[in-house]
Structure formats: structure tokens, C-alpha cells
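Chain order of the listed sequences is L and A.
As numbered in this note's numbering, the first sequence has no gaps in its residue numbers, which increase by one up to the final residue, 113.
As numbered in this note's numbering, the second sequence has no gaps in its residue numbers, which increase by one up to the final residue, 1110.
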Amino acid sequence: DAKTTQPPSMDCAEGRAANLPCNHSTISGNEYVYWYRQIHSQGPQYIIHGLKNNETNEMASLIITEDRKSSTLILPHATLRDTAVYYCIVRVGVNNQGGKLIFGQGTELSVKP
Amino acid sequence: KAGVTQTPRYLIKTRGQQVTLSCSPISGHRSVSWYQQTPGQGLQFLFEYFSETQRNKGNFPGRFSGRQFSNSRSEMNVSTLELGDSALYLCASSKDSEQFFGPGTRLTVL
């Protein structure tokens, strides 16, 4: 079973920040939080990951709470192309290579004009 | 750099047949994972191969099998197909911390 809980759907206005929450209260100390998204009928796309510090890349920012029991993915300026299902995943792996991803149901983000 | 490729992209089979799907990882990636995606069950992990050895396995029956070759290319096989095996089968390769997914093979079992 997935170790994360996400709202099933969210709406966001184009140009505004999209804040996608995720709960992972049973995360272990050596488990990372990963975010992927899947645009309809395509393979999932990696967005960002982190262990305990906040992370930022060209796509998004990841804010992890100090107790690591929850996190928020932030898309700073959402566009229509960001409409997708967003998956928050707690990573099980060996030396952070490969490993298996346990997907939950994700959050369906709709960006509206 | 070329991404993960999967062949074929679409496939139609009938119940009882078997099928082989192929995945070519990104050059230099040694880990290949397979996933099944259905509307009812979502994305489910099938198995992972690393250096020609199965390293992780999901909770699927023995009809689902896979292998990896010395060039890291991977195949998965499903025998005695059932209607419920209709799904999008996704392959992902990784070198370090990210998994890169292919476009998937859409299998329809009639």
C-alpha cells in the first residue's frame, strides 16, 4: 500500500501558484519524498525529490515539514500544460538507485484559464 | 540523449495467448522497472531488474515474468492472458535517484 495520502483533485488558476499537499506520517528516516506527474496517457515524469531539506529546481519547489510527516509541492506559476495527475511517493530503494515506486491515487490538478 | 523506448506501443491479444513487451533504457542506466497501470488499480509495481538480476518484485502472479539482457534492455512476458491484463505497461530506467519512464505499451486483451 502507498505510504502517502493526497487530495484526489485540485483546481488552480493559470499563472497562480499551485500548492499540492501530501501526508506521509509513517515515513522512515532514510526514505525520500519523490514527486512525479503524469499527463494523460503518457509515462510519469519525475519532478523533484528531497529527504528533509527544502528543494527547488526549474520545475517546482518541495517543502518538507520539520517532522517529515508531510510535504507540499509548489508549482510557482501554473500553466495549462501543468494539468496532470501528481503523485507523491515515499521511496523504497537500495542506495537510492532504482528500487520500486509505490504509487497512490495521486492528485488530479486542473489548471484553468 | 534518447529516452526510454518501449515496443510495441499498442498490442491486441486474445485470452489465453502470451505476450512479450520490450523496453530499451536510457544509455548507461542499469536498472529497469516495470509497472502496470489500470483505471481500477492505478500504477502498480511489477518488478525491477538490475545487472540482469531481479532485485525487487511486486505482488503479481507468476504469469508475469521478466528478464534483462547484458545491454540492460529488458523484456516482460505475460502468459495465458486474461481480460484483466488489459492495461498500460510502463517501463522505467534509472541510474541514480530518478526513474525515467517510457511512453508505455497499451495492451488490450479480447
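From the three backbone atoms N, C-alpha and C, an ideal C-beta is built for every residue, glycine too.
Quantities reported herein were computed from a predicted structural model and do not represent experimental measurements.
Partners in chain L for A/Leu1090, counting only beta-carbon separations shorter than 8 Å: Gly43 and Pro44
Runs of beta strand (DSSP E) lying entirely within the region 41-106 of chain L, each at least 3 residues, in chain order: 45-50, 61-64, 70-75, 84-94 and 97-100
Beta-carbon proximity list for A/Thr1038, same chain, < 7 Å, skipping 5 on both sides: Ala1087
Candidates L/Pro113, L/Glu108 and L/Lys112, of which the one nearest L/Ile39 by Cα: L/Glu108
Per DSSP, cross-strand counterpart(s) of A/Ile1026: Its beta-bridge partners do not exist; DSSP assigns none.
Through-space distance from L/Ala13 to A/Gly1104, alpha-carbon basis: 30 Å
Min CB distance A/Phe1100 to chain L below 8 Å: yes
As assigned by DSSP and simplified to three states, the class of A/Asp1096: coil
N- and C-terminal bounds of the beta strand (DSSP E) containing L/Leu20: Ala18 to Asn23
Beta-bridge pairing of A/Leu1011 - partner residues as DSSP gives them: A/Leu1107
Residue-level contact to chain L via CB, A/Pro1103, 8 Å cutoff: yes
C-beta contact flag for L/Thr56 and L/His24 at 8 Å: No. Outside cutoff.
CA nearest to the CA of L/Pro44, picked from L/Tyr86, L/Pro113, L/Val90 and L/Gln105: L/Tyr86
Exposure label - L/Thr83; buried when at least 16 CB within 10 Å: buried
Cβ pair count under 8 Å reaching 3, the region 66-75 of chain L against the region 1063-1079 of chain A: Contact between the region 66-75 of chain L and the region 1063-1079 of chain A is absent, because fewer than three Cβ pairs lie under 8 Å.
For A/Leu1011 and A/Val1004, believed in contact at Cβ under 8 Å, the rounded distance: Contact doesn't hold; Cβ gap of about 17 Å is too wide.
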